[in-house]
Amino acid sequence: MSVARIRGAAHALPRRVVTNDELSNLMDTSDEWIRTRTGIRERHVSSGEDTSDLATQVAQQLLTASNLTGEALDFIIVATMTPDSAMPSTAARVQAAIGAAHAFAYDLTAACSGFVFALSQADKLITSGRYERGLVIGAEVLSKVIDWRDRTTAVLFGDGAGGVLLEADDTATTPFILAEKLQTDGSRGECLTSSKSLVQNPFVKFDKSENAQANRIQMDGRAVFDFAVRDVPKNIAETLMLSDLTAEEIDYFLLHQANSRLLDTIAKKLETPREKFLQNLEHYGNTSAASIPILLSEAIKNGKIKGDTSQKVVFTGFGGGLTWGTLVCQI
Ligand code: 4VN
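Position one of the sequence shown corresponds to residue 33 (our numbering), numbered consecutively onward.
Here is the structure:
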């Protein structure tokens, strides 16, 4: 049987860094408030790079590090809620940029859970035996959809991209995904929205300013935070149960980087040392679908994650949809 394995991880960020102090010049906020409430100190913000540019940088790094050309790829999945365009997809743009002539490519939209959902899908493509090698990339230019007049949301988000090269291993004796549980509750979807496209045609009345606002991220912060505190640790605990593993047996927990206080709470609820929950949100803010692959790429670069199949790692995404989900992986 073909088992999927991560053959490499990479990330890319826009060069421009915006500190909390710089934001406090734009809106009524402060470094102190942002740091103590969220853990964020700075974020990278696009100076013109679009989502496909960041995703293409990640793809090129992944190919170079593995000594491959784009022609070796069978598929490309880009998880994003900020595509350059609805069509062509961001993944199709990446496919063209890296010359992946034999790869089919598509975007997957599951907000901050996008990378986890996409990694699960890619695992199934490979374990089906039909496809051997592909890229799974989370990429966002959230600065395009931030309401820069809203201090409650503008301080939280950042731009970036990360991804992995996934490859079939026909000699593997252990699976890649030991257990998984992906969830959605569309009935609570209205507490976190963006890029709402309103019906506009010559036969209905519409208002341009209403449309501009509908494009922006709108969040009921309390409702989303409460969701993350209640449903996410429950989902992690249930997925661990499915894997027959305890939290103690997990080397690292790579959770969506939304808020450091939330990570504190989840670690406590799972009675697990906070150090096992990797964190980099102080430098990047919340990059939605990109946050987990950026965290993974850094953890591989700094040696915490060895990538030699000796470790067990939990990936958990959660956010708009509402969507959430956990993969327990042998990595
Ligand atoms: C998951 C979460 C968040 C999120 C929600 C609220 C929030 C992050 C509200 C209270 C505020 C500090 C910041 Cl938990 C966002 C997403 C979307 O990716 C997913 N921070 N805060 C305070 O302390 O007043």
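Here a beta-carbon is modelled for each residue, glycine too, at the ideal position from N, C-alpha and C.
| Item | Value |
| --- | --- |
| Sequence-distant residues of the same chain with beta carbon closer than 6 Å to A322, five excluded per side | G170, A171, E172, G192, A193, G194 |
| Simplified DSSP state of I268, which is helix, strand or coil | helix |
| Same chain, Cβ closer than 6 Å to K308, neighbours up to 5 away in sequence not counted | Y284, F285 |
| 7 Å Cβ cutoff met for R73 and E314 | yes |
| Three-way DSSP call (helix, strand, coil) for W65 in this model | helix |
| Proximity to D82 [Cα-Cα], best of A142, V177, R181 | V177 |
| beta-carbon A260 near the ligand 4VN non-hydrogen atom, thresh 6 Å | yes |
| Rounded straight-line distance, which links the Cα of T205 to that of K338 | 18 Å |
| Best match in F257, S227, N267 for proximity to W115 [C-alpha to C-alpha] | A small correction: the amino acid at residue 115 is Pro; Trp does not occupy that position in the sequence shown. Cα-wise, what sits closest to P115 is S227. |
| I282 versus R39 - alpha carbon distance | 20 Å |
| Outcome for D106 when other beta-carbon atoms lying within 10 angstroms are tallied against a minimum of 16 | buried |
| Neighbourhood of S275 by C-beta distance below 8 Å, restricted to the same chain and skipping five residues each side | L210, A211, V360 |
| Reduced DSSP category for A171 - H, G, I as helix; E, B as strand; rest coil | strand |
| Which listed residue (N312, P265, F189) has its alpha carbon closest to that of S320 | F189 |
| Euclidean distance between Cα positions of Q343 and P325 | 17 Å |
| Own chain, CB closer than 6 Å to T304, minus 5 neighbours either side, in chain order | A279 |
| Cα-Cα separation, L95 to D155 | 19 Å |
| Pick from A41, G335, E103, A133 that is closest to V168, judged by C-alpha positions | A41 |
| Whole-Å CB distance - N267 paired with G357, under 8 Å assumed | 7 Å |
| C-beta atoms of R125 and S84 nearer than 7 Å | yes |
| Alpha carbon of V187 to alpha carbon of M113, nearest angstrom | 18 Å |
| Selection from V264, G166, T184 that minimises the alpha carbon distance to Q127 | G166 |
| For M119, three-class secondary structure by DSSP | coil |
| Contact test: F147 Cβ vs the ligand 4VN heavy atom, cutoff 6 Å | no |
| Residue environment, M365, which counts as buried when at least 16 other CB atoms sit within 10 Å | There is no way to answer for residue 365, as the model of the chain reaches only from 33 to 363. |
| For R248, the nearest candidate out of T185, P207, V231 (CA to CA) | T185 |
| Residues bridged to Y138 [DSSP beta-bridge criterion] | I109 |
| Among S292, L198, G80, Q245, nearest to T68 - alpha-carbon criterion | S292 |
| Cα-Cα separation between N52 and I66, rounded to whole angstroms | 7 Å |
| Length at least 3, wholly inside the segment 267 to 340: the beta strand (DSSP E) runs in chain order | 284 to 287 |
| heavy atom of the ligand 4VN below 6 Å from F257 C-beta | yes |
| Reduced DSSP category for T355 - H, G, I as helix; E, B as strand; rest coil | strand |
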